[in-house]
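K.L.:
The structure is given below, and queries will be raised subsequently.
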Amino acid sequence: MYKWLIIGGGIQGSTLAVHLVKSRRASIEDIAVIDPHERPLECWKRNTSRIQMKYLRSPSVHHVDTEPFSLQTHADKSQWPEVFFGRYKRPSLSFFNQHCETVLDEIHMDQAWKTGMVTNLRRANGLWEAETDTAGTLRGERVVLAMSFSHQPSWPEWAKPFQNSGIYHVFDREVHDVSNESLQMAVVGGG
141 MYKWLIIGGG IQGSTLAVHL VKSRRASIED IAVIDPHERP LECWKRNTSR IQMKYLRSPS
201 VHHVDTEPFS LQTHADKSQW PEVFFGRYKR PSLSFFNQHC ETVLDEIHMD QAWKTGMVTN
261 LRRANGLWEA ETDTAGTLRG ERVVLAMSFS HQPSWPEWAK PFQNSGIYHV FDREVHDVSN
321 ESLQMAVVGG G
């Protein structure tokens, strides 16, 4: 039995796990992070790599750690070139990801990680029960839903007829790497 069931191990779920452990509201043994991917932030890394993101849109104070300037402190200790960009010190994606891995290693996130998809959630005997497709049923006092919509691409009605006809959604798992192709591309949407 866990104190916390965190469903989703992306940026938000990972940030919550870090906060709970570093604020001593829970130990890592009190937390189960349930996610269909093998590792934390796997979907984030796939999608940001796919679009060849170089720098985040967010400033340096937005990250998974609890201290606001943790990313800048980490940069001061490292030898990374071109860590930040612009007035708001937007971090490079590679540095941001490396910082995330360091912070998640500090709290031993791997001990809380449960690879699987939650298939059902119910309240029973004062606890939450999360049924999963691979990790069995996990029980906890509290549940946090931290899933993204990246596993369910949202296609506008006008684009649906063109699916699989040369138009792709950044969240499609089957989209191949187009970085080496000489294609004309347009990006619709700025999210």
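So the sequence shown is residues 141 to 331, counted in the working numbering.
Positions of the beta carbon are idealized from the N, C-alpha and C atoms, including for glycine.
Looking at the secondary structure, which residues open and close the beta strand (DSSP E) in which K254 lies?
P.N.:
Segment W253 to T255, the beta strand (DSSP E) holding K254.
K.L.:
Could you check if I147 is buried or exposed, using at least 16 other CB atoms within 10 Å of its CB as the buried criterion?
P.N.:
Classification of I147: buried, given that the 10 Å Cβ count is 16 or more.
K.L.:
Let me know the secondary structure DSSP gives R179 once reduced to three states.
P.N.:
The answer is coil: DSSP assigns R179 none of H, G, I, E or B.
K.L.:
To the nearest angstrom, how far is the alpha carbon of S294 from that of M287?
P.N.:
Taking the straight line from one Cα to the other gives about 15 Å.
K.L.:
Taking a contact to mean a Cβ-Cβ separation below 8 Å, would you say P333 touches Y195 in this structure?
P.N.:
Look at the range of the chain in this structure, 141 to 331, and you will see that residue 333 is not part of it.
K.L.:
In terms of residues, what are the limits of the beta strand (DSSP E) holding A270?
P.N.:
Counting along the chain, the beta strand (DSSP E) containing A270 begins and ends at L267 to T272.
K.L.:
For the putative contact between F235 and A252, defined by C-beta atoms under 8 Å, what is the C-beta separation to the nearest angstrom?
P.N.:
Between A252 and F235 the Cβ distance is about 25 Å, and since that is not below 8 Å, they are no contact.
K.L.:
Which residue comes first and which comes last in the beta strand (DSSP E) that contains I146?
P.N.:
Y142 to I147 is the span of the beta strand (DSSP E), which, as asked, contains I146.
K.L.:
Where does the unbroken alpha helix (DSSP H) through G153 begin, and where does it stop?
P.N.:
Start and end: I151 to K162.
K.L.:
Contact between the segment 252 to 268 and the segment 183 to 202 is defined here as three or more beta-carbon pairs at a separation below 8 Å; is this criterion met?
P.N.:
Cβ pair count under 8 Å is below three, so no.
K.L.:
Secondary structure at R230, three-state DSSP: helix, strand or coil?
P.N.:
In this structure, R230 counts as strand in the three-state DSSP scheme.
K.L.:
Would H177 and G149 be called neighbours here (beta carbons separated by less than 8 Å)?
P.N.:
Yes; because the gap between Cβ atoms is below 8 Å, this pair is in contact.
K.L.:
So, with DSSP's three-state summary, where would you put N304?
P.N.:
Correct three-state label for N304: coil.
K.L.:
With burial defined as no fewer than 16 other Cβ atoms inside 10 Å of the residue's Cβ, what is the status of F302: buried or exposed?
P.N.:
Answer is exposed; the Cβ neighbour count stays below 16.
K.L.:
What first and last residue would you give for the beta strand (DSSP E) that runs through T206?
P.N.:
No beta strand (DSSP E) holds T206; DSSP gives it neither H nor E.
K.L.:
Starting from V223, trace the beta strand (DSSP E) both ways and give me its first and last residue.
P.N.:
Looking at the DSSP string, V223 is not in any beta strand (DSSP E), and its letter there is neither H nor E.
K.L.:
Looking at C-alpha atoms only, which residue of V204, I247 and R263 is the closest neighbour of H239?
P.N.:
Selected option, being the one with the closest Cα: V204.
K.L.:
Is E297 helix, strand or coil when you go by DSSP?
P.N.:
In the structure shown, E297 sits in coil (DSSP, three-state: anything other than H, G, I, E or B).
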